[in-house]
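These protein sequences, in sequence, are chains R and W. To get this note's numbering, take the position in the first sequence, counting from 1, and add 307. To get this note's numbering, take the position in the second sequence, counting from 1, and add 307. Idealized CB from N, CA, C, for every residue including glycine. Below is one structure, written out as structure tokens; comments come after it.
There are 2 protein chains.
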Amino acid sequence: MGITKSEHFTDEQNELAVLAKAIGHPARIAIIQHLIKVNSCVCGDIVNELPLAQPTVSQHLKELKNAGLIRGNFEGNAICYCLNEEGFNKIKGFFQHITSYLENKKNQCC
Amino acid sequence: MGITKSEHFTDEQNELAVLAKAIGHPARIAIIQHLIKVNSCVCGDIVNELPLAQPTVSQHLKELKNAGLIRGNFEGNAICYCLNEEGFNKIKGFFQHITSYLENKKNQCC
DNA sequence: TATTTATATCGTAATATTGCAATATAAATA
DNA sequence: TATTTATATTGCAATATTACGATATAAATA
């Protein structure tokens with residue numbers, strides 16, 4: 308059916324999935340890495356960085372923004388993008404949970 | 308066209324994307340959370356936990372396994388699953404990088 | 001060995017994602 | 001105000017994902 312049964316999962320599970328899914332594309336990883344490198348930049352810079360057409364980059368930026376992972380502010384007729392701490396904080400806790408679990412358990416399976 | 312242009316991105320970007328994408332579904336988040344809770348369990352337990360049919364759960368387990376996030380060992384005629392530290396370590400570094408960047412930068416955008 | 005139990009695979013329908021050309025929008029500038 | 005510059009949106013084709021019934025496989029057990 309192709310439709311995820313979101314209503315059967317908890318809000319937390321759905322939120323984490325939305326965040327991870329947004330990160331789960333190499334172009335969006337590249338955008339995040341570039342924003343870390345230059346701190347903030349206008350959309351056109353990202354178009355020049357990536358091997359993708361402008362509408363495609365715009366779409367990836369939109370998805371990152373919808374997930375709460377980046378922010379965009381108008382700066383003249385351009386839009387300045389940067390990472391959004393809020394989104395990353397939400398998923399950070401999940402990975403810290405996993406990490407501390409994995410550190411404490413015996414490293415054998417079953 | 309629906310096909311990701313993986314060949315235009317770095318190996319690291321593609322690897323991170325594969326891992327994040329595998330995590331990016333509520334059912335797979337639920338599986339990871341359950342494995343943390345019970346340490347390890349057979350597939351049937353997960354089928355009972357999730358609101359999904361057995362073939363669907365099997366498919367999600369396969370994706371997590373392919374991404375290197377879980378392992379499965381035969382245990383009689385059942386298969387015992389648990390988290391795979393290796394996969395989570397790969398993505399851990401990425402989030403630590405982001406976290407330390409966000410902690411050090413001024414919290415304003417552009 | 002026939003049956004049961006546990007899991008995987010196949011096939012398929014419904015939906016989502018990716019990518020881009022064409023076009024729209026909106027601010028800056030000539 | 002007409003043009004340029006920067007970004008978003010629309011529409012569409014190609015591909016991927018999600019879900020599950022039916023079925024296959026493989027170990028355990030009667």
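Judging by CA-CA distance, which residue of the options is the nearest neighbour of residue i?
i: W:ALA327; options: W:ASN373, W:CYS389, W:ILE386; result: W:ASN373
i: W:LYS412; options: R:ALA385, R:HIS404, R:ASN391; result: R:ASN391
i: R:HIS315; options: W:ARG335, W:TYR388, W:LEU371, W:ASP318; result: W:ARG335
i: R:ALA385; options: R:GLU322, R:LEU371, R:CYS350; result: R:CYS350
i: R:ASP318; options: W:ALA337, W:ILE377, W:ILE405, W:GLU382; result: W:ALA337
i: W:PHE381; options: W:CYS348, W:LYS344, W:PRO362; result: W:CYS348
Assuming residue i contacts residue j under a Cβ cut-off of 8 Å, what Cβ separation, rounded to an integer in Å, is found between them?
i: W:GLU356; j: W:HIS332; result: Actually they do not touch by this definition, with Cβ atoms about 15 Å apart.
i: R:LYS369; j: R:GLU322; result: Contact doesn't hold; Cβ gap of about 18 Å is too wide.
i: W:ASN346; j: W:CYS389; result: 7 Å
i: R:LYS399; j: W:PHE402; result: 6 Å
i: R:ALA329; j: R:LEU376; result: 6 Å
i: W:ILE343; j: R:ILE405; result: 7 Å
Count the other CB atoms, across all protein chains shown, that sit within 10 Å of the CB of residue i; report buried if there are 16 or more and exposed otherwise.
i: W:VAL325; result: buried
i: W:GLY379; result: buried
i: R:VAL364; result: buried
i: R:SER407; result: exposed
i: W:HIS367; result: buried
i: W:GLY394; result: buried
i: W:ILE419; result: Residue 419 of chain W cannot be examined here, being either before or after the span of chain W that is shown, 308 to 417.
i: W:GLN320; result: buried
I'd like to know if residue i contacts chain W, where contact means its C-beta is closer than 8 Å to some C-beta of that chain.
i: R:SER365; result: no
i: R:ASN373; result: no
i: R:LEU390; result: yes
i: R:LEU409; result: yes
i: R:ALA315; result: First, the amino acid is wrong: residue 315 of chain R is His here, not Ala. So yes, R:HIS315 belongs to the interface.
i: R:ASN384; result: no
i: R:ILE299; result: Here chain R covers residues 308 to 417 and nothing more, so residue 299 of chain R does not appear.
i: R:LYS328; result: yes
i: R:LYS399; result: yes
i: R:LEU338; result: According to the sequence displayed, residue 338 of chain R carries Ile and not Leu. Taking Cβ atoms only, chain W never reaches closer than 8 Å to R:ILE338, which makes this a no.
Using beta carbons (cut-off 8 Å, strictly below), is residue i in contact with chain R?
i: W:PRO333; result: yes
i: W:PRO358; result: yes
i: W:ILE405; result: yes
i: W:GLN435; result: Since the first residue of chain W shown is 308 and the last is 417, residue 435 of chain W is not available in this structure.
i: W:LYS412; result: yes
i: W:LYS369; result: no
i: W:LYS312; result: yes
Quiz item: Considering only residues of the segment 350-399 of chain W, which uninterrupted beta strand (DSSP E) runs meet the minimum length of 3 residues and lie entirely inside it, listed in chain order?
Solution: Those beta strand (DSSP E) runs which fall completely within the segment 350-399 of chain W and span 3+ residues are 377-382, 385-390.
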